[in-house]
Amino acid sequence: MNNSKVLEVIETKRSKPVAKVGIILGSGLGSFIEEIQDKVIYSFEELPGFPITTVEGHKSQLILGQINGVEVAVLQGRVHYYEDANIDAMKIPLQTLKSLGCSTVILTNSAGSLNPDAKPGEVILLTDHINYMGISPLFKEKGNARFVNMIDGYDPSLRDLFLKVAKQQKVLLHEGIYFWFCGPNFETPAEIRGARILGGDVVGMSTVPEVILARYLGLKVAALSVVTNMASGMDNQPLSHERTIENAQKGIVDLKKLLVTFLKSFSNN
Ligand code: HPA
3 MNNSKVLEVI ETKRSKPVAK VGIILGSGLG SFIEEIQDKV IYSFEELPGF
53 PITTVEGHKS QLILGQINGV EVAVLQGRVH YYEDANIDAM KIPLQTLKSL
103 GCSTVILTNS AGSLNPDAKP GEVILLTDHI NYMGISPLFK EKGNARFVNM
153 IDGYDPSLRD LFLKVAKQQK VLLHEGIYFW FCGPNFETPA EIRGARILGG
203 DVVGMSTVPE VILARYLGLK VAALSVVTNM ASGMDNQPLS HERTIENAQK
253 GIVDLKKLLV TFLKSFSNN
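Numbering (the numbering used here), first residue to last: 3 to 271.
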């Protein structure tokens, strides 16, 4: 399946659609779309091959527009592997970002912290990931391009720019390694102890399949996690999706500042 039908639908609302940066918004982070000017909105239902999410806190819309003069394509919502056990569910959306002209994609997510210093409401810039699930969105691909190099998968120059912007804006920005558990159940305390030993700093149920797809497509990647909770067993609070959504609101202020200022610096680069 390719995305030619998607591009036809997109052109019905905006002729010659283009975007430079793609942004994917994680659970509870959808209000970021308030920052977009001249919005053109498509529901995923309109876009052939775009998967519809079943998760509360995700809206399933593609929004084209500008932020600080940069043309963006924002996916307000994503599908997770745990929804349909479809590991390449995000392939068409990512191909579409590329077809629109994006060379960079910024992924955001809500996540649990494995680092006692990174607290709920704070933001972590991802430096790498650990895919412990043993599955890849590139299963079934053919040819040598599927053997994607994952060194510097989280682009060092984009990371530097985020760190610079965080300093400028006086936003506390941690750095860390994302450990992917596929969910939908939260992790056991024993799994979290294991993830810490293996080098994880932040844990979540998304992002890794999209990072792999983006690198396969030749897109540069940056990713930010909003900490919504300390990971399972690290404090004595029970975990729930409701808590994730509620606590995501604490981090969204910093996330917005980081993204909006990043785009401003990005356009000047
Ligand atoms: N684990 C996995 N995914 C999550 C978490 C967590 O603790 N918090 C938010 N998303």
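Even glycine gets a Cβ: it sits at the ideal position worked out from N, Cα and C.
Locate the beta strand (DSSP E) running through residue i, then write down its first and last residues.
i    : result
S29  : Run containing S29: none; DSSP gives neither H nor E here.
V1   : One cannot answer for residue 1 here, as it falls past the ends of the chain, which runs 3 to 271.
L109 : 106-115
I65  : 63-69
I54  : Unbroken run through I54: none, as it is neither H nor E.
E85  : Counting along the chain, E85 falls outside any beta strand (DSSP E), though it belongs to the alpha helix (DSSP H) covering 83-86.
A75  : 72-78
F181 : 175-182
In terms of residues, what are the limits of the alpha helix (DSSP H) holding residue i?
i    : result
D256 : 243-270
Y156 : Careful: Y156 lies outside any alpha helix (DSSP H) and carries neither H nor E.
E10  : 6-15
L96  : 93-101
Is it the case that the CB of residue i approaches a heavy atom of the ligand HPA more closely than 6 Å?
i    : result
T230 : yes
V204 : no
F188 : yes
G32  : no
A281 : Nothing in the structure corresponds to residue 281, since the chain is present only between 3 and 271.
M207 : yes
G196 : no
G114 : yes
T110 : no
T246 : yes
I believe residue i touches residue j by the beta-carbon criterion, under 8 Å. Please report the beta-carbon distance rounded to the nearest angstrom.
i    : j    : result
L226 : T106 : In fact, because the Cβ distance is near 13 Å, the residues do not count as touching under 8 Å.
L77  : I26  : 5 Å
V72  : K142 : At roughly 34 Å, the Cβ-Cβ gap does not stay under 8 Å, so V72 and K142 are not in contact.
L215 : R161 : With a Cβ gap of about 20 Å, L215 and R161 do not count as contacting.
L66  : P118 : Not really, about 40 Å apart at Cβ, beyond 8 Å.
G51  : V8   : 6 Å
S269 : N70  : 6 Å
C184 : Y44  : With 8 Å as the limit, C184 and Y44 do not qualify as a contact, their Cβ atoms being about 28 Å apart.
Is there at least one Cβ from chain B nearer than 7 Å to residue i's Cβ?
i    : result
D157 : Reference to chain B is not applicable here, since this structure consists of a single protein chain.
Quiz item: For the segment 123-149, which segments carrying the beta strand (DSSP E) assignment without a break, of at least 3 residues, lie completely within its bounds, in sequence order?
Solution: Fully enclosed beta strand (DSSP E) runs of 3 or longer: 125-133.
Exercise. Could you pull out every unbroken beta strand (DSSP E) segment of at least 3 residues lying fully inside the segment 196-237, listed in chain order?
Key: 204-206, 222-232
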